[in-house]
Structure formats: C-alpha cells, structure tokens
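Numbered according to my numbering, the sequence shown spans residues 149 to 426.
Below is one structure, written out as structure tokens, with a few remarks after it.
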Amino acid sequence: MNVLRFLLRAVFVATWILLGLLSVTLILPVASLRIRSCMTKHWSRALMFLCGVGIRVRGEARRTGPVMWVANHVSWIDIFVLNAVRPTAFIAKSDIRRWPIIGWLVAGAGTVFIERGHRHAVRAVGHQMKARFGQGEVVGLFPEGTTSPGYGVASFHSSLFDAAIRAGVDIQPVALRFFHRGRRSDYVAFVGEQNLIQNLWYLLGTTGVVVEAVFLPEMLNSYCQEQGRARVAEQARTAIGEEVSGDGVGVGPHAGSDPSAFGHDVGVGPRTGSDPKT
C-alpha cells in the first residue's frame with residue numbers, strides 16, 4: 149500500500165467522476181444512443197486507467213446487435229470493465245441506486261434496477277430489458293446476485309434469462325478473472341463486510357491489478373428456447389465456472405498500467421490463491 153499513490157489517484161478519480169456526473173446530468177439525457185454509447189465506453193476506459201486497472205479481453209465479444217451478457221460478479225468495477233468493451237445496460241439490485249457516487253453514475257448510465265422481493269419486479273424489469281434489446285443494446289446480468297472472491301461461481305438465478313429468451317436474443321457468458329501483480333488474486337474483490345471506501349483504499353493504493361474478461365461462445369436463441377431458462381442458466385454457470393476456477397498466471401507485474409491492451413491473450417499457469425493486502 150502506497151499512501152501517496154492512493155492520494156494522487158483519489159484526486160484524479162474524484163475529478164473524473166465529477167465530470168462523469170456532470171455528463172450524466174447535462175449531456176446524456178439529450179444525446180443520441182450512439183453518442184451516449186461512445187461516451188460511456190471511453191469514460192469507463194479512462195476511469196479504469198485512473199484506478200490503475202488493466203483490462204484484457206479473450207474470446208469474441210458480440211460487438212453489434214442485441215445480446216445478453218451474463219457474468220460472474222467480483223467487484224463494483226465489473227460494470228466499468230464490461231462497459232469499456234461495449235456499453236452495457238446492467239440489471240442491478242435497487243439498493244445500488246442509493247450508493248453515493250457509484251450509484252448515481254450507474255443510474256445515469258442507464259442501469260435497470262430491480263426491486264427484489266416485489267411480486268411483479270421480474271416482469272417490470274423484463275419489459276425494460278425488451279425495450280433495450282429493441283434498440284440493439286447489450287443487457288448485462290450478474291445472475292449470482294452477489295459478489296464473490298472470483299475463484300468460483302455460485303448458483304445462478306434464472307428468472308431474468310427468460311426475458312432474453314422471450315425477446316429472441318442470444319446469451320453470451322462472460323468470465324471475469326482478477327489478477328494482482330501477475331497472479332490470480334482476490335485482492336480487490338468487493339466481498340464480505342468491506343465497504344466501498346475500504347475497497348477503494350486497496351484498489352487505488354496498489355499496482356498491477358488486471359481484469360481479464362473471457363467472452364465464451366454465444367448460446368443462440370433457438371438453442372435457449374429448446375433448453376429453457378433453468379438449463380441455460382446452469383450451462384452458462386458451468387461454462388463461466390470452468391474459466392474462473394482454472395489456474396492461471398499470465399499477466400506481467402506491470403500489466404495494470406495498460407488498460408488499453410484489448411485482445412491480448414493471457415497465458416495459464418498455477419494459481420497462488422489470495423494475497424495479503426499490501
């Protein structure tokens with residue numbers, strides 16, 4: 149942990165977020181979908197750069213047309229990592245809207261919030277998802293419903309898979325693998341009793357954080373209709389689980405300084421497990 153590094157990054161990140169909030173308030177509401185998408189992608193890439201997070205992409209991400217991306221969930225930065233690949237409308241639990249700063253940003257970027265425990269919540273979100281698909285957008289879903297250290301995948305909630313299947317769109321699983329200084333790690337995982345400020349303390353004070361987004365083969369809508377939402381959800385969970393539980397070392401110690409290195413494959417080697425927050 150480097151206090152000076154944390155302070156310098158915190159200033160730059162806070163300034164960038166302030167500019168993002170101004171954009172969300174003044175520009176995005178009146179901008180076209182193309183302009184909003186371009187702004188979201190480049191703003192997210194810059195945010196990850198300022199946070200010291202490198203992004204690596206493996207596989208073929210669906211770049212055009214409607215699709216639902218389903219991914220494992222490790223941290224709040226997952227949203228901005230995927231937005232840096234292609235602007236995405238995420239499904240998120242409603243209490244995230246009340247988070248200071250991050251909640252305001254994701255709300256302004258078009259996040260669809262679901263009121264868990266409400267009888268008609270899934271139906272209401274399904275209608276919003278259908279509208280997004282109708283505009284050719286990506287809808288992002290974290291079906292675990294919570295974050296994890298990133299070495300495994302919990303059971304998937306399958307209810308929102310049905311909205312994509314009914315809308316006639318394909319589903320693409322995405323495995324998010326976190327590295328710290330060249331090795332698989334849960335160093336910046338946003339888990340347990342940790343709050344956002346504590347997580348930022350670890351993230352902004354270190355170097356060598358890389359998130360690898362592995363885009364797995366798409367599950368075509370015709371296939372999903374045959375299998376049904378429960379089987380599709382389980383198959384997606386299994387595919388993602390095989391990627392995130394796979395042992396991996398393949399990102400150099402300074403890779404976190406290069407968030408623009410999209411498309412660079414990362415090698416495979418023995419996993420070291422968790423590392424101390426130093």
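The beta carbon of each residue, even a glycine, is placed where N, CA and C say it ideally should be.
- For the options E391, A361 and R280, the alpha carbon positioned closest to that of V233 is the one of A361.
- In the three-state reduction of the DSSP assignment, I319 falls in the strand class, which pools E and B.
- The beta carbons of F281 and P214 sit closer together than 8 angstroms.
- For G202, the secondary structure class from DSSP, reduced to helix, strand or coil, is strand.
- If one requires a minimum length of 4 residues, the alpha helix (DSSP H) runs lying completely within the segment 248 to 291 are 250 to 256 and 269 to 282, in chain order.
- In the same chain as L253, and ignoring 5 residues on each side of it, the C-beta atoms closer than 8 angstroms to its own belong to I165, G168, L169 and V172, in chain order.
- If you check the CB distance, W224 and T236 do not come in under 8 angstroms.
- The criterion of a C-beta distance shorter than 8 angstroms is not satisfied by V273 and I319.
- For the pair R245 and F261, the CB atoms are nearer than the 8 angstroms cut-off.
- In the DSSP assignment, E360 forms a beta bridge with R204 and R325.
- Fewer than three Cβ pairs drawn from the segment 368 to 378 and the segment 281 to 295 lie within less than 8 angstroms of each other, which leaves the two stretches out of contact.
- Your pair F326 and V359 checks out as a contact, with CB atoms roughly 6 angstroms apart and the cut at 8 angstroms.
- In this structure, DSSP gives I313 a helical state, which the three-state scheme calls helix.
- For F238, the enclosing beta strand (DSSP E) stretches over residues T236 to K241.
- Assignment of V215 by DSSP, reduced to helix, strand and coil, places it in the strand class.
- One Cα belongs to Q375, the other to E263, and the distance between them is close to 28 angstroms.
- Short of 7 angstroms from the beta carbon of I227, and not among the five residues preceding or following it, lie these beta carbons of its own chain, in chain order: F238 and V254.
- When rounded, the separation of the alpha-carbon atoms in G356 and H328 is 5 angstroms.
- Per the DSSP secondary-structure output, R332 pairs in a beta bridge with F327.
- Rounded to whole angstroms, L230 and M187 show a C-alpha spacing of 14 angstroms.
- Excluding the 5 residues flanking it on each side, R211 has same chain C-beta neighbours closer than 7 angstroms at R234, in chain order.
- Cβ contact annotation for S306 (same chain, cutoff 6 angstroms, sequence separation greater than five): R377, A378 and A381, in chain order.
- The C-alpha of G293 lies about 11 angstroms from the C-alpha of A219.
- Distance from the CA atom of V287 to the CA atom of A209, rounded to whole angstroms, is 13 angstroms.
- Counting other Cβ atoms within 10 Å of its Cβ, I388 reaches 16 or more and is therefore classed as buried.
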